[in-house]
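Single-structure report; data block below.
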Amino acid sequence: MTNPKIDSNMKKIAVFTSGGDSPGMNACVRAVVRTGLYYGMEVVAIRRGYEGMIEGEFMPMESRSVSNIIQKGGTILGTARSKEFMTPEGRRKAYEQLRAHGIEGVVAIGGDGTFTGAKVFMQEYPDVRFVGVPGTIDNDLYGTDYTIGYDTAINTAMHAIDNIKDTADSHSRLFFIEVMGRDAGFIAVRSGVAAGAEAILIPETKTSIDDLAGVLTRNYNAKKRSSIVVVAEGDETGGAYHIADTIKGKIPYHDIRVTILGHVQRGGSPTCMDRFLASNLGIGAVEALRIGAKGVMIGQQCNKIVHVPFEKAIKYNQRIKPYLEDIMKILCAI
Ligand code: F6P
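Taking my numbering, the leading residue of the sequence shown gets 44, the next gets one more, and so forth.
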């Protein structure tokens, strides 16, 4: 906790989820609602992200409104990627709705698009204070060790890869498995290392197709029963189908299959780590509003709550941490 004793005049806050949903968002909504009530605030929830803000879809929340949701995936509030909020007219409508409902502070749970929207909004309407909570399976926000939903997603991906390995091994096949991560390879790296992948292709590093083909040929010649290549959705090779075709052209005798894990990674009951992180960040967000913070993402670094300005949080710099690169170098064939 930052400092629960600080007095605040903030009487009414709102919470919403936005962008791609992620497991643990409900746990965060629950924490925001209950923390707000704990500090004597009125709390409302906004349905369907910025769309619902514009349309005035506000719901008063009580403690019981968030009962029995901590274990549920998705978001009970619904979410959207709002085109209208990107226009000055849309933001004006949103502002009028917030003022009409007497909202002084807003907790936005989402990813870079959500925070970019909040940043632009606050430049135009500085009297409404926004703080953000990182909710995305991609883990691609700067300034927090993990984002809400990432741990659940990597466990889902890892179990799926384990299942595929069983059948790959039985049939002596080479699988290319695509995991989510539009601009980032974090899901691929963790799930790939944890599932013992041969190779992990991520957008942050360039892959040599010839080197990959060389490793897979060596495996084949050595009668290795199966090989798994994990491909991040955003990898520069163009995704799992594309790279599988390229490799097929170079080693045609290999029995190759492709699996796209897709949205299965976005759902499911959040892990204990995600529920705990979401709870901690939700508390941190309300406490941040109480001490007058605005325009910041509430992150967690080495188990401590930190405030990261939106502009820094969204400037993810396309680098995988060196220790992760080292792990891949040592434990993967390429
Ligand atoms: O940002 C999270 C994410 O799951 C990305 O990894 C993926 O590219 C994208 O959302 C998919 O978005 P949608 O659900 O709109 O297809």
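Think of the CB as a built atom: it goes at the ideal place given N, C-alpha and C, for glycine as much as any other residue.
Just so we're clear, the structure is a prediction, and the values are computed from it rather than from any experiment.
Check, Outcome
"Could you work out which residue in Gly117, Cys375 and Arg107 is closest to Ile191 when comparing CA atoms only?", "Gly117"
"With DSSP as the reference, label Thr45 as helix, strand or coil.", "The pLDDT assigned to Thr45 is 49, lower than 50, so where the model puts this residue is not dependable; a value taken from the coordinates is nonetheless given after this. Three-state result, Thr45: coil."
"Is the beta carbon of Ile220 within less than 7 Å of some heavy atom of ligand 1?", "no"
"Let me make sure I understand the geometry here. Which of Gly277, Ile112, Ala238 and Arg77 has the alpha-carbon closest to that of Lys249?", "Gly277"
"Counting only the same chain and skipping the five closest in sequence on each side, list residues whose C-beta sits under 6 Å from that of Val218.", "Residue identity check: residue 218 is Phe in the sequence provided, not Val. Contacts found: Ile207, Ala211, Ile271 and Arg300."
"Hey, is the segment 65-76 in contact with the segment 105-121, meaning 3+ C-beta pairs nearer than 8 Å?", "yes"
"From what residue to what residue does the beta strand (DSSP E) around Met102 run?", "Phe101 to Pro103"
"Could you say which of Asp298, Gly335 and Ile97 lies nearest to Ser215 if we only look at CA atoms?", "Asp298"
"Let me check understanding here. Comparing Cα to Cα, which of Gly156, Gly83, Gly79 and Glu330 lies closest to Arg225?", "Gly156"
"Cβ atoms of Phe164 and Phe173: under 8 Å apart, would you say?", "yes"
"Out of curiosity, what's the CA-to-CA distance linking Ala283 and Tyr366?", "25 Å"
"Measuring straight from C-alpha to C-alpha, what distance separates Glu127 and Gln344?", "34 Å"
"Any heavy atom of ligand 1 closer than 7 Å to the CB of Met68?", "no"
"Using the three-state DSSP reduction, which class does Gln114 fall into: helix, strand or coil?", "coil"
"What's the gap between the Cα of Asn264 and the Cα of Ala321?", "48 Å"
"Can you name the start and end residues of the alpha helix (DSSP H) that Lys347 belongs to?", "It is not in any alpha helix (DSSP H) - Lys347 instead sits in the beta strand (DSSP E) that spans Lys347 to Pro352."
"How is the beta strand (DSSP E) around Pro219 delimited, first residue to last?", "Note that residue 219 corresponds to Phe in the displayed sequence, not to Pro. Phe219 -> beta strand (DSSP E) spans Leu217 to Val222."
"Is DSSP giving Ala376 helix, strand or coil here?", "coil"
"Identify whether Ile97 lies in helix, strand or coil by the three-state DSSP scheme.", "helix"
"Determine the DSSP secondary structure at Lys438, reduced to helix, strand or coil.", "Here the chain has residues from 44 to 377 only, and residue 438 is not among them."
"Can you tell me which residues fall inside 6 Å of ligand 1, judged by beta-carbon distance to its nearest heavy atom, and keep chain order?", "Gly63, Gly154, Thr179, Ile180, Asp181, Met223, Gly224, Arg225, Glu276 and Arg309"
"Measuring straight from C-alpha to C-alpha, what distance separates Phe353 and Thr260?", "46 Å"
"Taking the DSSP output, what are the residues bridged to Gly153?", "Pro177"
"Determine, using beta carbons only, whether Tyr138 and Lys355 come nearer to each other than 8 Å.", "no"
"How far does the beta strand (DSSP E) with Lys55 in it extend, from its first residue to its last?", "Lys55 to Thr60"
"What's the gap between the Cα of Thr45 and the Cα of Ile146?", "Confidence in Thr45 is poor, its pLDDT being 49 and thus under 50, which makes the residue's placement unreliable; the coordinate value appears in the next sentence. So the two alpha carbons sit approximately 23 Å from each other."
"Do Tyr359 and Ala200 count as a contact pair if the criterion is CB distance below 8 Å?", "no"
"Using the three-state DSSP reduction, which class does Ile303 fall into: helix, strand or coil?", "strand"
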